[in-house]
Each structure stands twice: as C-alpha cells, then as structure tokens.
Amino acid sequence: MSAGLEKLPVIVTAKVKLNDLVTRFEFAHASGKALPPFSGGAHTVVEMQDGAKTRLNPYSLMSDPMDPTQYAISVRRDAAGRGGSVFLHDKVQVGDKLMLGMPVNLFALDLTARKHLMIAGGIGITPFVAQIKQLQTTGGAFELHYSARSQALASYADDLRAAHPKRVNLYLDDQNQQIPLERLLSGQPPGTHVYVCGPRGMIDWVLATAERLGWPPEAVHSEEFLAPQSGKPFTVDLAQTGKTITVGEHESLLEAMEREGVDAPYLCRGGACGQCETRVIAHDGTLQHNDHWLEDDERDGSKIMPCVSRFEGSRLVLDR
Amino acid sequence: MSTFDFPPSIASRPTYGALAPRAGAAQIMLADAEGAEALLAVAQADPELMHRAHVIYIPKHTGERFTDPLRAAAPDILHIAPSYPACTQRLHRVFSAAPMGAQIYLAGTEGLIGQAMALALQIGIPKSAIQTEHRGSVARRVQCVHCKGITEDVMTDPFQCGHCGLNLFVRDHYSRRLAAFQGVCIDAEDPGNVPPSVELYS
C-alpha cells in the first residue's frame with residue numbers, strides 16, 4: 001500500500017504518439033468523477049496489469065493542474081528498461097482501464113521564488129509542462145531552457161515556444177547547441193530558484209555548477225526517477241511479518257514484498273521520496289544503495305530503500 | 001577582539017555567527033565600527049576573495065582605525081560611508097544587482113546587521129546567502145511601540161523615548177521587518193515609578 005492513499009480508477013481517453021520515442025496518454029476518471037487538482041511537478045504511479053504481473057511506474061503529470069477532467073503523462077519508450085514503458089506503448093489502448101496513485105509532488109515550485117529558472121533534458125520536460133501551466137494561471141516569472149537530441153525528439157518544444165516565445169529556449173544536440181549553464185546561473189536576479197529534470201549527467205552538471213557559483217541549496221531543485229536496477233537474486237528475512245522472501249533478478253525488493261503480501265509503504269518508487277525507508281536489523285554482505293534519499297552517513301548498513309536498492313551476500317534481515 | 005557573548009534569550013531575538021569565506025558569484029560586505037575586524041579576518045583567511053569584494057564600511061566612532069587596514073586588504077571596491085542612512089541607496093543598488101550565488105557578509109552592531117538583513121531579504125536575497133557577525137557595541141536599535149519612533153544606539157534600560165518622552169523598558173522582542181527591539185512604557189500604571197536605568201548587559 002502506498003502510505004494509505006486511495007487510488008484513482010481511470011480510463012485511457014487518448015494515446016498520442018509524439019515522436020519515435022515518446023507517447024502521451026490521457027486519462028479521465030473511470031466513473032466520470034472529477035480528478036483531484038495537483039500542483040505542477042507532481043507525479044502519479046501508474047498501475048498496469050501485465051498478465052499476472054502488476055507493474056507500478058511513476059510518471060510526471062503534465063496536464064493542466066487545475067483541469068479536473070483529465071490527467072496526462074508522456075512516456076518515453078525505454079527498450080532496455082524492465083518493461084513498464086514498453087507495455088504502455090505496445091499494450092495499453094484507448095478505452096483501457098488503469099489505476100493511478102494519487103498525485104504526489106516531490107518537485108514542486110517554490111512559490112516564494114521571485115523567478116523560476118527551469119532546465120530540462122529530454123523527457124525531463126514533462127513536469128515543467130504542468131508547472132508552466134500553473135504559472136500561467138498565477139502569473140509567476142519563469143524561463144525554460146530545454147535540451148533535446150533533435151528537433152524531432154524535442155517533445156512539446158513547438159507548443160511551448162508558440163505559447164511563450166520569449167521564455168522558452170531550445171538546444172539541440174544534433175545542432176551542437178548546449179545550454180550556456182555557467183552564464184545562465186551567473187546572471188539570475190535575487191530570489192531566483194533553479195529546477196532541473198533530466199538525465200543523471202545533466203542533473204549532476206547543474207547541481208555542481210550551482211554549488212560552485214554559490215547558489216544556496218534551498219534554491220536548487222532536481223528530480224530524477226530511478227528505475228530499479230536488475231541484479232542477482234537474493235533472500236531476505238522480514239522480522240515483523242516473519243516471512244522469508246526471495247527477490248528475483250528483474251524485481252525490486254519493494255516489488256518482492258508486495259508480491260508476498262507484505263504491507264510496505266511507498267510513494268515514488270524511484271529512490272527520491274524516502275517513504276519506503278526500511279531499517280536493516282542484520283546483514284552479512286553488501287547493501288547496494290541506488291537511491292537519492294539516504295545521506296552518506298546513513299549508508300552504513302542501518303537503512304535501505306527497497307524501491308531501488310539491492311543486496312548481495314548471505315543474510316539480510318529487515319524490520320518489515 | 002570586540003566580541004560579546006549574548007546571554008540566551010527568546011526565539012525572536014537574532015543570533016549571530018562568525019563570518020567565513022564562501023565561494024560565490026559576487027562578494028558583498030558591509031560593516032560598521034569594529035565590524036571591520038570581522039571583514040579583515042575574512043580577508044586574511046582568503047585574500048583572493050577580498051580582491052573581488054565590494055565593501056561598504058561605516059567607521060562611526062573608530063575614525064581612521066580600520067580604514068587603512070581595509071584599504072590594504074585591497075577589495076575590488078571600498079566605499080567609506082558616514083552613516084547607514086547615507087549608504088542605503090548604494091546598498092539597495094548593490095543588493096538588487098547581485099546575481100543569485102552572491103555572498104553577503106554583515107558585521108558590526110545589531111542595528112546595522114538587522115537593517116541590512118531586512119533590506120536584502122526584501123530584495124529577494126536568500127537568507128542562507130547572508131552571514132552575520134556581531135562586533136563592537138551592544139547598543140540596540142529600539143522602536144517605541146507607542147509612538148513608533150525609532151531610537152538608535154540605546155545603551156540603557158529603561159530609557160526615555162527620544163520622540164515621545166515615555167520611559168521605555170527594552171525588551172528582547174525583536175521585529176525583523178523594522179530591525180528593531182521593542183520598547184514598552186514601564187510606568188504606564190504608576191506614572192513616575194521608574195526603576196533606575198542600568199547599562200544593557202551590566
């Protein structure tokens with residue numbers, strides 16, 4: 001269970017192929033009710049029934065946060081991934097019913113900011129689409145710098161540029177264009193907050209440059225969902241429930257607990273939110289921490305994030 | 001050293017740290033009187049940083065004592081101002097033009113630190129980009145809560161409001177907006193019954 005949150009039954013109302021990699025899915029409430037409003041940057045966990053397997057993948061909501069008639073997500077096809085995005089692309093059709101988790105925002109705009117500087121890479125554009133819609137309503141100052149591989153793969157770039165010609169800047173890899181990050185981060189007025197969503201390398205680049213230029217940490221925001229990595233199967237003893245479970249090669253520890261009916265909390269399923277943090281009672285081996293949540297000094301064998309992290313060794317006992 | 005350990009107090013009372021050099025897109029320093037010592041300590045810890053700094057300094061009673069050492073530390077810009085009100089226009093311009101990533105250093109009396117802090121926050125500079133260090137006089141900037149007049153450099157408690165003449169008890173209750181401690185009439189119920197004035201922290 002996701003921290004006791006109810007789920008939203010939805011029906012797929014549109015499936016729009018944007019380019020070779022990205023498809024947009026639009027949803028309405030399955031029984032015609034209003035969908036709850038959210039804030040720009042929120043994500044939802046999409047629950048897919050793939051035969052006997054339940055897939056749960058987080059995607060940023062990119063529809064208008066105040067529009068109760070629809071939610072939309074844009075999904076990048078990841079052929080090398082564990083199959084959730086491919087399932088959505090290949091199997092899910094208009095009219096299908098799915099369950100969505102309630103929107104959760106781990107990448108919200110700081111509304112005390114005087115200006116929002118947004119930096120997007122590839123499919124990392126999606127949370128900004130919703131945030132820009134939110135700012136259109138509230139009138140906040142923003143500037144988007146969006147980097148994509150090519151014009152064809154720059155999802156939503158044309159729409160955004162048409163709507164905000166002076167605020168949206170596009171940089172294309174195949175034209176050898178690069179975001180002038182140093183210059184951008186050196187010339188922002190007091191009270192600006194910077195937000196980055198994109199591949200790991202881009203996030204690291206922005207965080208490191210901002211830190212070097214003296215940006216205070218609370219004015220720098222980033223979001224990256226990690227997909228659980230595959231690895232060797234391992235066995236876990238769960239002290240509270242008394243169960244012993246085996247985590248498969250392409251399965252996360254969280255998924256294995258859910259498969260065995262263990263009530264484990266989660267929100268983002270991507271190593272970012274901290275909801276699934278679990279105490280390690282004993283271990284004889286190596287914890288493989290893959291999350292963004294734990295501080296370095298917490299990676300001492302006392303805690304693990306079961307949504308993305310794994311274990312290699314002879315014995316692991318968790319407080320769950 | 002012109003430092004003073006303030007006794008523990010209520011939550012609204014500002015506390016101060018020690019200035020330390022911090023990497024940033026711009027370095028902006030403001031000090032009055034003995035606050036110069038804190039800036040000179042930063043310059044000693046990181047001379048290169050000082051060469052990029054814009055320093056505004058108000059000597060007050062210290063006269064020439066710190067102006068030559070500050071000049072010798074070779075900041076990018078050194079502006080000596082006769083008083084805080086005389087340099088607020090410059091400060092406003094410097095703060096407004098400061099890019100995100102600029103580091104602000106405030107040192108000296110509570111009145112100076114508080115007023116410059118309020119100005120910087122109003123302009124949008126993040127609080128975490130502002131370092132403060134108290135040096136020198138423990139005198140307070142006090143607002144009379146009755147007539148709203150502000151008296152600078154109050155050294156005794158109670159004291160007589162320079163604007164309306166009431167006898168004011170100096171509280172630790174502090175307004176960040178006004179950068180002033182609150183002074184409340186001490187003999188409202190029994191006019192004339194005023195305890196003898198004592199020097200603050202004596």
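Residue numbers (UniProt numbering), protein chains in the order written: chain A, 1 to 320; chain B, 1 to 202.
From the three backbone atoms N, C-alpha and C, an ideal C-beta is built for every residue, glycine too.
About 7 Å separates the CB atoms of residue 317 of chain A and residue 283 of chain A; that is less than 8 Å, so the two are in contact. In the three-state reduction of the DSSP assignment, residue 166 of chain B falls in the coil class. When DSSP assignments are scanned along the UniProt domain "FAD-binding FR-type" (5-110) of chain A, the uninterrupted stretches of alpha helix (DSSP H) that are 4 or more residues long and fall wholly within it turn out to be 84-90. The residues 114 and 115, in chain order, have a CB closer than 8 Å to that of residue 189 of chain A in the same chain once the five nearest residues on each side in sequence are set aside.
The Cβ atoms of residue 280 of chain A and residue 303 of chain A sit closer than 9 Å to each other. Residue 108 of chain B sits in a strand when the DSSP states are folded into three classes. Per DSSP, residue 174 of chain A has no beta bridge partner at all. Counting C-beta pairs closer than 8 Å gives three or more between the stretch 149-158 of chain A and the stretch 167-177 of chain A, which meets the contact rule. Within chain A, no C-beta atom comes nearer than 7 Å to that of residue 21 of chain B; the closest sits roughly 11 Å away.
For residue 285 of chain A against residue 312 of chain A, the beta-carbon gap comes to about 5 Å, under 8 Å, which counts as contact. Just measuring C-alpha positions, the residue of B:157, B:35, B:13 and B:102 sitting nearest residue 123 of chain B is B:102.
Residue nearest to residue 50 of chain A within the set A:87, A:44, A:222 and A:22 is A:87 (criterion: CA-CA distance). Of the candidates A:9, A:29, A:14 and A:60, the residue whose Cα lies closest to the Cα of residue 267 of chain A is A:60.
One Cα belongs to residue 200 of chain B, the other to residue 153 of chain B, and the distance between them is close to 11 Å. The beta-carbon separation of residue 206 of chain A and residue 123 of chain A, rounded to 16 Å, does not stay under the 8 Å limit for a contact. Counting of Cβ neighbours within 10 angstroms places residue 131 of chain B among the buried residues, the total reaching 16 or more.
Chain-ordered, the chain B residues with CB closer than 7 Å to the CB of residue 188 of chain A read 99 and 100. Between residue 219 of chain A and chain B, the shortest Cβ-Cβ separation is below 9 Å. By a beta-carbon distance limit of 8 Å, residue 12 of chain A contacts residue 94 of chain A. Their separation comes to about 5 Å. Contact annotation, residue 36 of chain B with residue 70 of chain B: C-beta distance approximately 6 Å; criterion of less than 8 Å satisfied.
Residue 156 of chain B and residue 147 of chain B have their C-alpha atoms some 19 Å from each other.
Here residue 66 of chain A is exposed, its C-beta having fewer than 16 other C-beta atoms within 10 Å. Inclusion of residue 163 of chain A and residue 38 of chain A in the CB contact set at 9 Å is not warranted, their separation being larger than that value. Listed along chain B are 99, 100 and 124, each with a C-beta nearer than 9 Å to that of residue 192 of chain A. In this structure, residue 135 of chain B places its C-beta atom within 9 Å of the C-beta atom of residue 3 of chain B. Counted as a single uninterrupted DSSP element, the beta strand (DSSP E) harbouring residue 142 of chain A occupies residues 142-148.
About 5 Å separates the Cβ atoms of residue 216 of chain A and residue 129 of chain B, confirming a contact at the 8 Å cut-off. Residue 216 of chain A belongs to the set of residues whose beta carbon lies under 9 Å from a beta carbon in chain B. Contact with chain B is absent for residue 167 of chain A, since none of that chain's Cβ atoms lies less than 9 Å from the residue's Cβ.
Residue 52 of chain A and residue 274 of chain A have their C-alpha atoms some 28 Å from each other.
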